[in-house]
Amino acid sequence: MSERKPFVGGNWKMNTNRTTSAELARAVVDGLSSVSGVDVAVFPPFPYLLAIKSILRDRGSSIKLGAQDVYHQPDGAFTGEVSIDMLKDCGVQVALVGHSERRHVVGEKDELINLKTRAVLESGLECILCVGETLEQRLNGHTDSVNQRQIRTALAEVPGEQIDHLTIAYEPVWAIGTGKVATPEDAQDAHSKVRRLIETLYGSETAERIRIQYGGSLKPGNASEILAQPDVDGGLIGGAALKGADFVSLVRAAAQAAQNKD
Ligand code: PGA
2 MSERKPFVGG NWKMNTNRTT SAELARAVVD GLSSVSGVDV AVFPPFPYLL
52 AIKSILRDRG SSIKLGAQDV YHQPDGAFTG EVSIDMLKDC GVQVALVGHS
102 ERRHVVGEKD ELINLKTRAV LESGLECILC VGETLEQRLN GHTDSVNQRQ
152 IRTALAEVPG EQIDHLTIAY EPVWAIGTGK VATPEDAQDA HSKVRRLIET
202 LYGSETAERI RIQYGGSLKP GNASEILAQP DVDGGLIGGA ALKGADFVSL
252 VRAAAQAAQN KD
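Numbering (the working numbering), first residue to last: 2 to 263.
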């Protein structure tokens, strides 16, 4: 068994409606009722958080409720934003920060992502910090420097004792929603360098403990080899998380991969 329990997240993005989000949640809960050894979270759109929380609670599920984004200010005149306390009030346990669509579609900068990361971790919620390079950056050989910059700036002033609540998701932007997936070797290479950076910043014990998810077009047909890599500790799933059976199969693949790692 790997020392690190894998962690698989289903990021529903701006998909589903009131009916289909509930159906998806039920399918995931029922499909995973006999699966153990993996932490699982689902990230529904904000308007459905409370309804999905009820489904998870009523079925006694250990699946965590996640938020796709947060705002770092506690309250006030921030039209359209959602505070951490509001999310906690809805039963949210884990929040995504710095997802590539927040960075590249909405235009969030590293400094804002740092404020959000600090606020989430200070609040006691779990945080999944997403990082990754664009295709142009990869072609120019900047994959590792981009990951390093995004992680260093996001974690500026984050104390070591909060890192146990942090997961990093390495999600190459060119692989998200495109059907192109990193090779297992490329994923392992990027993940091991992320882990070394955490070692530099927080020491070797923290680096060995932190979970690093891979994200980007993971599907039941391509996931096993990536999840088998020594520094890949689960996945953050977008498109395939919208099909209950596919998501369940990806969680099972992560459980199997962890069992095969010594
Ligand atoms: P994808 O999305 O699986 O659809 O590529 C992954 C993500 O954005 O987290």
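Idealized CB from N, CA, C, for every residue including glycine.
| Item | Value |
| --- | --- |
| Buried or exposed, going by whether 16 or more other CB atoms sit within 10 Å of the CB of residue 80? | exposed |
| Any heavy atom of the ligand PGA within a distance shorter than 7 Å of the CB on residue 148? | no |
| Report yes if the C-beta distance between residue 63 and residue 76 is below 8 Å; otherwise report no. | no |
| Pick out the complete alpha helix (DSSP H) segments inside the region 95-143, 4 residues or longer, and give them in chain order. | 111-124 and 136-140 |
| Should the region 154-163 be called in touch with the region 216-233, which here means at least 3 C-beta pairs below 8 Å? | no |
| For residue 1, which residues from the same chain have a beta carbon less than 7 Å from its beta carbon, with the 5 sequence-adjacent residues on both sides left out? | Outside the displayed span of the chain (2 to 263) sits residue 1, for which this structure offers no information. |
| Taking C-beta to C-beta, are residue 45 and residue 15 nearer than 8 Å? | no |
| Alpha carbon to alpha carbon, what distance is there between residue 101 and residue 133? | 7 Å |
| Please confirm if the region 143-151 is in contact with the region 117-124, defined as three or more CB-CB distances below 8 Å between the two stretches. | no |
| State the CB to CB distance for the pair residue 185 and residue 230, rounded to an integer number of angstroms; the pair is presumed to be in contact (CB under 8 Å). | 5 Å |
| Residue 159 to residue 232, Cα distance in whole Å? | 23 Å |
| Helix, strand or coil for residue 253 per DSSP? | helix |
| What three-state label does DSSP hand residue 284 in the structure shown? | As displayed, the chain neither begins before 2 nor continues past 263, which places residue 284 out of reach and without an answer. |
| Can you name the start and end residues of the beta strand (DSSP E) that residue 29 belongs to? | Where residue 29 is concerned, there is no enclosing beta strand (DSSP E), although the alpha helix (DSSP H) it sits in stretches over 19-32. |
| Closest to residue 239 by C-alpha separation, out of 6, 5 and 12, would be which residue? | 12 |
| Only counting the same chain, and skipping five residues up and downstream in sequence, which positions put a Cβ closer than 7 Å to that of residue 245? | 25, 28, 29 and 32 |
| Label residue 261 either buried or exposed according to how many other C-beta atoms from any shown protein chain fall within 10 Å of its C-beta, with 16 as the threshold for buried. | exposed |
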